[in-house]
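Quick notes on the structure that follows.
4 protein chains.
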Amino acid sequence: MDEAAHTPDPTPSSAATDAKAQRILSGAAKVFSDKGYHNASMRDIARETGISLAGMYYYFASKEEMLFSIQQFCFRAVLEGLRERLDQTSGAHDRLRAFFHNHLSFFIANVREMRVLSHEGESLTGEHHREVADLKREYFRALTEILEEMPGLQWNESELRRVGLSIFGMVNWIYTWYDPRRDGTADELADRMCALVTRGIDNLDSV
Amino acid sequence: MDEAAHTPDPTPSSAATDAKAQRILSGAAKVFSDKGYHNASMRDIARETGISLAGMYYYFASKEEMLFSIQQFCFRAVLEGLRERLDQTSGAHDRLRAFFHNHLSFFIANVREMRVLSHEGESLTGEHHREVADLKREYFRALTEILEEMPGLQWNESELRRVGLSIFGMVNWIYTWYDPRRDGTADELADRMCALVTRGIDNLDSV
Amino acid sequence: MDEAAHTPDPTPSSAATDAKAQRILSGAAKVFSDKGYHNASMRDIARETGISLAGMYYYFASKEEMLFSIQQFCFRAVLEGLRERLDQTSGAHDRLRAFFHNHLSFFIANVREMRVLSHEGESLTGEHHREVADLKREYFRALTEILEEMPGLQWNESELRRVGLSIFGMVNWIYTWYDPRRDGTADELADRMCALVTRGIDNLDSV
Amino acid sequence: MDEAAHTPDPTPSSAATDAKAQRILSGAAKVFSDKGYHNASMRDIARETGISLAGMYYYFASKEEMLFSIQQFCFRAVLEGLRERLDQTSGAHDRLRAFFHNHLSFFIANVREMRVLSHEGESLTGEHHREVADLKREYFRALTEILEEMPGLQWNESELRRVGLSIFGMVNWIYTWYDPRRDGTADELADRMCALVTRGIDNLDSV
DNA sequence: AATGAATGAGAGTTCATTCAT
DNA sequence: CATGAATGAACTCTCATTCAT
Numbered sequence: 001m002d003e004a005a006h007t008p009d010p011t012p013s014s015a016a017t018d019a020k021a022q023r024i025l026s027g028a029a030k031v032f033s034d035k036g037y038h039n040a041s042m043r044d045i046a047r048e049t050g051i052s053l054a055g056m057y058y059y060f061a062s063k064e065e066m067l068f069s070i071q072q073f074c075f076r077a078v079l080e081g082l083r084e085r086l087d088q089t090s091g092a093h094d095r096l097r098a099f100f101h102n103h104l105s106f107f108i109a110n111v112r113e114m115r116v117l118s119h120e121g122e123s124l125t126g127e128h129h130r131e132v133a134d135l136k137r138e139y140f141r142a143l144t145e146i147l148e149e150m151p152g153l154q155w156n157e158s159e160l161r162r163v164g165l166s167i168f169g170m171v172n173w174i175y176t177w178y179d180p181r182r183d184g185t186a187d188e189l190a191d192r193m194c195a196l197v198t199r200g201i202d203n204l205d206s207v
Numbered sequence: 208m209d210e211a212a213h214t215p216d217p218t219p220s221s222a223a224t225d226a227k228a229q230r231i232l233s234g235a236a237k238v239f240s241d242k243g244y245h246n247a248s249m250r251d252i253a254r255e256t257g258i259s260l261a262g263m264y265y266y267f268a269s270k271e272e273m274l275f276s277i278q279q280f281c282f283r284a285v286l287e288g289l290r291e292r293l294d295q296t297s298g299a300h301d302r303l304r305a306f307f308h309n310h311l312s313f314f315i316a317n318v319r320e321m322r323v324l325s326h327e328g329e330s331l332t333g334e335h336h337r338e339v340a341d342l343k344r345e346y347f348r349a350l351t352e353i354l355e356e357m358p359g360l361q362w363n364e365s366e367l368r369r370v371g372l373s374i375f376g377m378v379n380w381i382y383t384w385y386d387p388r389r390d391g392t393a394d395e396l397a398d399r400m401c402a403l404v405t406r407g408i409d410n411l412d413s414v
Numbered sequence: 415m416d417e418a419a420h421t422p423d424p425t426p427s428s429a430a431t432d433a434k435a436q437r438i439l440s441g442a443a444k445v446f447s448d449k450g451y452h453n454a455s456m457r458d459i460a461r462e463t464g465i466s467l468a469g470m471y472y473y474f475a476s477k478e479e480m481l482f483s484i485q486q487f488c489f490r491a492v493l494e495g496l497r498e499r500l501d502q503t504s505g506a507h508d509r510l511r512a513f514f515h516n517h518l519s520f521f522i523a524n525v526r527e528m529r530v531l532s533h534e535g536e537s538l539t540g541e542h543h544r545e546v547a548d549l550k551r552e553y554f555r556a557l558t559e560i561l562e563e564m565p566g567l568q569w570n571e572s573e574l575r576r577v578g579l580s581i582f583g584m585v586n587w588i589y590t591w592y593d594p595r596r597d598g599t600a601d602e603l604a605d606r607m608c609a610l611v612t613r614g615i616d617n618l619d620s621v
Numbered sequence: 622m623d624e625a626a627h628t629p630d631p632t633p634s635s636a637a638t639d640a641k642a643q644r645i646l647s648g649a650a651k652v653f654s655d656k657g658y659h660n661a662s663m664r665d666i667a668r669e670t671g672i673s674l675a676g677m678y679y680y681f682a683s684k685e686e687m688l689f690s691i692q693q694f695c696f697r698a699v700l701e702g703l704r705e706r707l708d709q710t711s712g713a714h715d716r717l718r719a720f721f722h723n724h725l726s727f728f729i730a731n732v733r734e735m736r737v738l739s740h741e742g743e744s745l746t747g748e749h750h751r752e753v754a755d756l757k758r759e760y761f762r763a764l765t766e767i768l769e770e771m772p773g774l775q776w777n778e779s780e781l782r783r784v785g786l787s788i789f790g791m792v793n794w795i796y797t798w799y800d801p802r803r804d805g806t807a808d809e810l811a812d813r814m815c816a817l818v819t820r821g822i823d824n825l826d827s828v
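Residue numbers (our numbering), protein chains in the order written: chain Z, 1 to 207; chain A, 208 to 414; chain S, 415 to 621; chain R, 622 to 828.
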């Protein structure tokens with residue numbers, strides 16, 4: 001994200017520029033997360049970031065483009081993280097666990113952005129909406145592919161969809177309740193959620 | 208306001224009044240559901256209901272009160288439905304199934320209102336927020352009480368909360384994806400979701 | 415224009431409404447005339463009319479609609495005036511004089527509106543532009559029809575267009591220079607302009 | 622600034638400078654002509670010319686100075702052209718024809734600039750406005766001096782002004798309608814307009 | 001000579017809400 | 001009961017312009 005500061009950069013101005021864009025996105029994520037996209041004003045974001053109202057338009061053409069950038073950035077990061085984990089993991093059960101771990105660790109490291117991801121899924125329009133919807137579909141497909149590998153199961157399309165979306169509901173809804181003090185680390189949470197989904201309540205305590 | 212349904216009503220005019228209030232709430236639910244609470248305007252609701260902008264203020268003091276009334280009405284109805292079902296059901300597994308059936312059947316019969324319930328949980332402020340939060344807690348407690356009855360399990364507080372909220376995530380998230388043509392009836396969906404949660408993916412196909 | 419006040423009006427509220435709309439249009443015409451359409455702000459018009467900024471939007475959906483209404487109203491009035499005069503006038507020369515008298519008398523009675531008509535011909539867009547362009551064409555055709563009646567002339571299309579548009583230039587340009595103290599009454603001006611156009615400079619003094 | 626063309630220029634860099642200034646003026650004229658002065662933005666001009674927004678300020682202190690330079694340059698060129706033609710022409714009728722030919726040929730060769738000249742006459746302020754008004758007056762005086770030479774006429778001040786301004790209206794209005802395919806060359810148009818003004822409609826066909 | 005970055009001021013428009021009728 | 005009319009506050013966004021580099 002701000003890795004640019006670590007590596008020698010031939011064009012210093014663009015590094016500063018990118019850093020500022022990141023600062024704006026971060027502030028926007030906080031404001032969107034706190035008040036909701038439609039209820040947040042550009043002035044709120046300007047105040048939050050310390051950048052002038054007009055100044056932000058140098059980096060983003062519109063409020064919607066800010067939302068789009070946040071969503072696109074997050075989805076890409078989550079997807080990439082998932083792929084890296086899956087590359088190193090074999091066995092359907094472990095791969096499903098990898099999905100939970102990736103999602104929740106990313107979520108908890110970027111609560112505000114993920115809240116925006118979960119809650120403002122339909123706030124984008126036109127091309128912006130389409131692009132993010134594509135990423136979402138890609139992410140969903142990654143999950144269902146794991147599910148299909150699970151041994152000893154006869155999936156039909158309907159059931160696969162239902163289970164996949166149920167899992168999505170579980171992990172996306174977290175933004176409404178997760179509290180680090182009560183709910184433990186990302187890894188603990190991921191393990192328990194994965195256990196719930198694979199073994200069910202009836203077998204939660206076993207082993 | 209909705210007490211009128213329970214007690215005999217001496218003034219016929221107030222019956223008409225309540226009917227109009229219902230019409231407004233119904234239109235407001237549609238508009239909130241379509242555009243989101245903050246993005247919806249009172250003019251949108253006036254247009255949707257065919258009632259004049261000013262006229263609506265006779266029935267509701269503010270836009271927020273409309274949202275509040277929708278949420279309160281729905282939560283009460285869901286809660287009442289759940290209680291009735293639980294009164295007639297014994298056995299923890301059946302009672303959990305009753306929870307799913309109640310939630311999903313109400314959801315599917317009132318998609319728009321439930322969408323507002325799920326998506327606009329944090330759009331209320333002050334006293335309105337508090338009242339709805341109370342209902343939400345009550346609903347959540349009803350679920351965890353069922354879970355605690357489940358046989359052969361040693362719950363700790365943390366695990367109970369986690370499982371309860373995971374289930375909430377599953378059923379609340381439905382508003383983002385449910386499609387009657389693809390996802391079957393409320394009862395089918397409830398059965399499958401309940402199976403997933405109790406037996407887990409690993410045992411989905413058994414019996 | 416505000417004739418409504420003279421005749422009994424069954425719907426008093428709409429009379430008041432129309433009066434206010436007229437007041438806004440009149441103020442808008444003044445501001446557009448003074449500063450030009452694009453340089454005029456809605457706040458300027460609000461100040462000029464004494465109506466609140468938001469209040470004006472009850473009567474006109476946009477700034478452009480104000481410009482449109484002014485232009486439409488004026489063009490219709492000029493056209494109607496011309497038709498009335500032509501109905502009572504025979505002989506091509508007299509009919510041409512009627513054209514000048516109508517145009518100039520209307521112009522001088524509504525300087526600001528006519529300035530807007532002349533100067534902001536291309537400031538409208540879309541459907542607004544089209545409608546006004548239609549009126550303009552109709553007005554132009556009325557002039558060329560008179561010209562075609564002129565005795566002893568062999569018009570070709572090109573020449574007719576050229577002469578018609580030259581006359582339009584003369585009468586539309588007036589908004590840049592007319593000064594009642596130096597340039598006399600509308601009727602005087604109309605007579606002299608008509609003489610110039612019909613007899614030419616070489617014969618200006620004759621009879 | 623445009624003195625450079627008259628005096629030998631010792632610094633080659635300033636030649637490049639002037640070329641760039643000309644490029645800016647030309648782009649500005651196009652943009653002003655297309656969208657109107659007030660509706661045109663400096664960004665539009667930057668885009669049109671391919672020069673950076675800030676870069677243009679090296680050449681012109683403000684947007685208004687661009688408009689001023691365009692108008693000043695054009696008026697000077699038209700005036701100079703008129704003087705050259707009049708120096709070689711004797712006889713009032715021929716001199717009047719020279720006026721039309723000069724005006725129209727310059728107009729058609731520089732449509733965009735002339736459109737700006739005609740349409741944005743009042744968009745300048747302060748000293749800028751004054752300077753251009755002086756040029757305009759000078760141009761008008763040149764026309765009326767020709768008119769006064771016309772044989773067999775008894776002008777009074779009023780009539781002279783009226784006829785002069787009528788002619789101005791004719792030739793300035795051209796920017797609203799001239800179409801090279803329909804309206805012929807500058808010379809044809811000039812001849813016909815001059816005929817209209819000198820002989821009048823009644824005698825248009827004679828000889 | 002040229003520009004990326006930044007901004008205060010102000011644009012047109014919409015908002016939830018009020019109130020006389 | 002119901003509404004037409006009205007408004008202050010706030011909205012997103014664009015503007016001409018500046019300045020460090």
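Beta carbons are placed, not taken as given, at the ideal position from N, Cα and C, and that holds for glycine.
Residues of chain Z with CB under 7 angstroms from residue i, in chain order?
i, result
"A/H245", "G36, H38, N39"
"A/D373", "Note that residue 373 of chain A is Ser in the sequence shown here, rather than Asp. What A/S373 touches in chain Z: M170, M193, L196."
Please compile the residues from chain R whose C-beta is within a distance smaller than 8 angstroms of the C-beta of residue i.
i, result
"S/E494", "Correct list: empty, because the minimum Cβ distance to chain R is about 24 angstroms."
Between which two residues does the alpha helix (DSSP H) containing residue i stretch?
i, result
"R/I729", "713-730"
"A/M400", "393-406"
"A/A340", "333-356"
"S/A475", "Run containing S/A475: none; DSSP gives neither H nor E here."
"A/T256", "249-256"
Return no unless some Cβ of chain A is closer than 8 angstroms to the Cβ of residue i.
i, result
"Z/E159", "yes"
Give the residues of chain Z in contact with residue i, contact being defined as C-beta atoms less than 9 angstroms apart.
i, result
"A/T383", "G121, E122, L165, F168, G169, N172"
Just checking: is the beta-carbon of residue i within a distance shorter than 8 angstroms of some beta-carbon in chain S?
i, result
"R/L774", "yes"
"R/G821", "yes"
"R/M771", "yes"
"R/D623", "Its pLDDT being 41, under 50, R/D623 is placed unreliably by the model, and the measurement read from it follows with that caveat. Not an interface residue."
Using a Cβ-Cβ distance under 8 angstroms, would residue i count as near chain R?
i, result
"S/N617", "yes"
In chain S, what lies closer than 8 angstroms to residue i by C-beta?
i, result
"R/R803", "S572, R575"
Cα separation between residue i and residue j?
i, j, result
"S/V492", "S/K550", "10 angstroms"
"R/R718", "S/H533", "28 angstroms"
"A/L331", "R/E734", "59 angstroms"
"A/A397", "A/F375", "13 angstroms"
"S/L439", "S/V530", "12 angstroms"
"Z/Q22", "S/R437", "51 angstroms"
"R/D708", "R/E770", "15 angstroms"
"S/G535", "S/N586", "11 angstroms"
"Z/G126", "Z/E65", "11 angstroms"
**OP:** Mind the definition here: the segment 69-82 of chain Z touches the segment 123-142 of chain Z only if three or more C-beta pairs lie below 8 angstroms; say whether that holds.
**Re:** Yes, they touch.
**OP:** Indicate whether the contact test is met: 3 or more Cβ pairs, each with one atom in the segment 295-302 of chain A and one in the segment 238-257 of chain A, closer than 8 angstroms.
**Re:** no
Original post:
Do the segment 56-63 of chain Z and the segment 140-148 of chain Z touch if we need at least three Cβ pairs shorter than 8 angstroms?
Top reply: Contact between the segment 56-63 of chain Z and the segment 140-148 of chain Z is absent: fewer than three C-beta pairs spanning the two stretches fall below 8 angstroms.
Original post:
Looking at C-beta atoms only, is the number of pairs between the segment 307-319 of chain A and the segment 356-372 of chain A that lie closer than 8 angstroms three or more?
Top reply: no
Original post:
Does the segment 442-456 of chain S come close enough to the segment 652-659 of chain R that 3 or more CB-CB pairs lie under 8 angstroms?
Top reply: yes
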